[in-house]
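What follows is a short report on a single structure.
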Amino acid sequence: MTPTGFGKGSHLHLIDGSAFIFRAYHALPPLTRKSDGLPVGAVAGFCNMLWKYVTDERGQDAPTHAAVIFDHSAKTFRNEIYPAYKANRPEPPEDLRPQFPLTREATRAFNIACIETEGFEADDIIAAFACQARDAGGRVTIVSSDKDLMQLVGGGVDMLDPIKGKTIGPEEVAEKFGVGPDRVVDVQALAGDSVDNVPGAPGIGIKTAAQLINEYGDLETLLERAAEIKQPKRRQTLIDHAEQIRVSKRLVTLDCDTPLDASLESLEIRAPDPQALLGFLADMEFRTLTARVAERLGAEPPAVVSAPPSEAPAAPELPAIDHAGYETVTDRAALDAWIARIREAGHVAIDTETTSLDEMQAALVGISLAVEPGRACYVPVGHVQGSDDLFGQAALVEGQLPLDQVLAALKPVLEDPAILKIGQNLKYDWKILARQIPELGGIRMAPLTDTMLMSYALNAGSHNHGMDELAERYLGHRCIPIKDLIGSGKSQIRFDQVPIDKAAPYAAEDAEITLRLYRHFAPMLPVEQVTTAYEVLERPMIPVLADMELAGIRVETDTLKRMSNAFAQKLAGLEDEIHELAGERFNVGSPKQLGEILFDKMGLAGGKQGKTGAFSTSADVLEDLAAEGHDLPARILDWRQVAKLKSTYTDALQTHVDPDTGRVHTSYSITGAQTGRLASTDPNLQNIPVRTEEGRRIREAFVAAEGHRLVSLDYSQIELRILAHVADIPALKQAFRDGIDIHAMTASQMFGVPVEGMDPMIRRRAKAINFGVIYGISGFGLSRNLRIPRAEAQQFIDTYFERFPEIRAYMDKTVADAKQDGFVRTLFGRRINTPGINQSGPAAGGARRAAINAPIQGAAADIIRRAMIRMPEAIRGLPARMLLQVHDELVFEVQESAVEDLIAAARKVMEGAAEPAVKLNVPLIVDAGHGMNWAEAH
DNA sequence: GACATCACG
DNA sequence: GACGTACGTGATGTCC
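Residue 13 is where the first sequence starts when you use the numbering used here, and the numbers rise one by one after that.
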């Protein structure tokens, strides 16, 4: 294509390549090329971003010219002006360095101009191109969100934040810097920049700088007239540091005269050469992207081979996932042949299809099996046709093997201790099969291994662990969406209504994918040193949780109904009162309408909040208003509390009582929380009210069966005890050994007051700090929690760290480890990835705090898991069942006569649960209670 | 489906 | 000086 010149009507995009790379690196988990282990995560992210950029629809706004600009070397002319410039930039991570040249290659593969010049920063090159293009009468868009480039905005130049998709024009720049783009460098010169090590004026930030520049017009005028400044400290700073400020300005000012190796014309947009682009992507072994690009370009995708290192024996090429080797089993001979295959292989990947996600209600529709990649079968047993009859039953499709015959044939295999059952979220299938053929005692599958739990042991913190996501991520395969079979929304059908020929490929694929995931993950466990965590903390949870869920807990619907009625009356009364106070009727449940009434109509203080610009009406805000004596917010708080209790608890809980068992059967997610905690859903039984008297009464509806009692045992202060152990804090450890009130001890040490006769207020503050520390405390957070001034909160924290210096050391070490390794570990070896830890900016704080919290919360989760896994054996012979787990509490149902025996046995297991893996140097203490219902037992 | 809110440890 | 600010969850109702 011949260059056609650059001028009016032309539109140049300048892409900040380095920003793309770092963004890609930190956004993605470490990824290596399969064949040789070359790190390619950042290249993958970079290519995905470029591809998204290239394929974005822009219509009229489409660029005519484009270039990606990179930094070439660390030393530039700025180091001659100021040697310390960018001196405190950390070295790029080890696994990122080899990826820099690959990103240049990627850019060329996309056929976009790739620009870098020795000795010049990307920002200056961008500036020079932008100035030239602007002077030639064209438009320029800088694709970056770097604030250092904002000085270039205006006169046909704007910016585009590639992540948020937001255009940055003069207004946005003014919003950020408080001055127009032409004065941005003046503000930056004054404020300096800690990241780039630009000194600026000490004690002056962007706000103050903008105020000064707006007052005096520009930096030179300001420095000349510095003597007129009223604030003495500020005046002296500017006078003393005038030279440093001028140097800073030279550092932040981008150079439009930077020499350029390429002409504007040469940046004209060119279509990529499919061969070159696909060749590069295949070489990088990016399966998904290669396929996507090939499809879009209408080209044949090249084979993506991850050849193993040449010295290793070649692994057999796996057949493609193409559904060709799938079989539908409809006769006894075929089923027996599959059972023989399973026996010979010694393992089987299994998946069940059912009519419902609720395992208590679900009926079995079919079973799929796989023993080797490329080959799987589906055994339909419950597909129906036609509509339901009067009893809600439809006719079975002809030709399916009888359900009971299939189950009776499979039971010996599924329970055979020599045959490994491989599944994805096996707890689901385990529960389904346990409920079948009750006359034969159900099917209790064993031994088990679970690809979802393997992924969790390896990758907790990096991503979720559902099959579709794992298949796409690790096998480069997109599964058939369930929506294609059952639809969605109102027209959704049950799986048993799906025709067998449509169901078979879907179901068989699930078994095959599971098998392939197993082959992928299993060898990684020892390499990543998570085998023990998987074997000890994950895998054994499956039957334990399945039995708890199947047991359920008895809930009295009548009690809930009575409460619902009482709440309804109370709500109606409160609503009348609220409308009266507001002077109009409105939806009390709408924060939007409430905000308008409180803050617009009544004019109460409490400005706008949040990114949506809406008023916050959260309990925090309303409590402050109520404390000032306003009645309306106080009534709203009352209404909210009752409404929550009614809707989430007394109403919703009734719908979860199983009609067959009269009990509520929650479902625990083993991989739902990043730290190793369980999560409870449908319904969530881990957040039943307890903190208020009115809420706690809901627990009265959770009752023991006839002749039984509920027993609750909970760990006392387990997270603080773990902190005392891992951070090795002598004062804390001693206090726990002596069994004294830990918060009172903390207060006594911090404020120098005796524990005896302590002011409850002081103790409350110490308690808040003790908890705050576990969460990665900040002065701001503590001040808000305690409603005290920030300075005071900060003072407490400083005193705390002074008194317990080991805590600071532990936190620093945890964060340093996370930064180096990309993960943290609990005492018991559980690994939690910390992908955001090396980010910069506001997100970094959150990642840092999460990294500090994870080993503590995670170790507590490990301990109770260890107790739960040992519990069935420890209480065998007692007429008792474990029903619920609430993070640090276990709830049992036991015959009246055995209450004390159960408490003794369970307490022994819980208090000794860390051992023998870890010998804690603080005692674990378990408190116990019992009663007719959960309120009494807790 | 996003957001705000609030229940728990 | 400024940034944004306690950790981990799930369910509900409103509003677009």
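All C-beta atoms, glycine included, are put in the ideal place defined by N, C-alpha and C.
Here the structure is a predicted model, which is why all the values come from computation and not from measurement.
Provide the residue span of the alpha helix (DSSP H) that contains residue i, from first to last.
i    : result
G870 : P854 to A886
D632 : A631 to A639
Q806 : R802 to R815
I455 : Unbroken run through I455: none, as it is neither H nor E.
K64  : G53 to T67
A186 : P182 to F189
E227 : I218 to Y228
V196 : V196 to A203
L422 : L415 to L426
V785 : P772 to Y787
M372 : Element bounds for M372: n/a, residue is neither H nor E.
Can you list, in chain order, the residues of its chain whose CB lies under 7 Å from that of residue i, leaving out five sequence neighbours each side?
i    : result
I93  : V259, R262 and L263
L415 : L376, V393 and G394
K831 : I849 and N850
T300 : E484 and G488
G358 : A430, I431 and L432
Q806 : G791
Taking only three categories from DSSP, how would you classify residue i?
i    : result
P392 : strand
N209 : coil
E568 : coil
A148 : coil
G478 : coil
V360 : strand
P766 : coil
F507 : helix
M894 : strand
F714 : strand
D462 : strand
G435 : strand
A31  : helix
L50  : coil
M13  : Annotation note: pLDDT 45 at M13 (below 50); position unreliable, coordinate value reported separately. If DSSP states are grouped into helix, strand and coil, M13 belongs with coil.
Y37  : helix
E280 : strand
Assuming residue i and residue j make a contact with CB atoms under 8 Å, what is their CB distance in whole Å?
i    : j    : result
L381 : A361 : 7 Å
D462 : R551 : 7 Å
I81  : D28  : 6 Å
T687 : Q869 : 4 Å
M880 : L902 : 7 Å
R708 : A947 : 6 Å
G386 : G435 : In fact, because the Cβ distance is near 19 Å, the residues do not count as touching under 8 Å.
T265 : F132 : Not a contact, Cβ separation roughly 14 Å.
A563 : R689 : Not confirmed; about 21 Å, so no contact.
With respect to the beta strand (DSSP E) encompassing residue i, which residues constitute its N-terminal and C-terminal limits?
i    : result
S380 : L376 to E384
F904 : E901 to Q907
L725 : H720 to Y727
I251 : First-last for I251: P244 to D252, but that is the alpha helix (DSSP H), not the beta strand (DSSP E).
V836 : F835 to R837
N845 : R843 to N845
Can you list, in chain order, the residues of its chain with a C-beta nearer than 8 Å to that of residue i? Leave out the 5 residues immediately preceding and following it.
i    : result
E908 : G719, H720 and R721
T629 : P603, L606, G607, L610 and I648
H23  : D73, A74, P75, T76, H77, G150, R151, V152 and T153
N797 : A780 and G784
G21  : T76 and G150
I819 : L735, A739, I741, V785, Y812 and F813
L583 : W651, V654, A655 and K658
A558 : K439, W442, K443 and A446
For residue i, collect the residues of the same chain with a Cβ closer than 6 Å to its Cβ; drop the 5 residues on either side in sequence, then sort them by chain order.
i    : result
G684 : A691
L234 : L224 and Y228
P284 : F122 and N123
Just to confirm the assignment: which complete beta strand (DSSP E) runs, minimum length 3, are found wholly within the segment 553-601?
With a minimum length of 3 residues, the unbroken runs of beta strand (DSSP E) contained wholly in the segment 553-601 fall at 565-567.
Whole alpha helix (DSSP H) elements within the segment 513-537, 4-residue minimum
none
What are the complete beta strand (DSSP E) segments, minimum 3 residues, inside the segment 914-950?
938-943
Could you pull out every unbroken alpha helix (DSSP H) segment of at least 4 residues lying fully inside the segment 630-714, listed in chain order?
631-639, 643-656, 664-667 and 705-708
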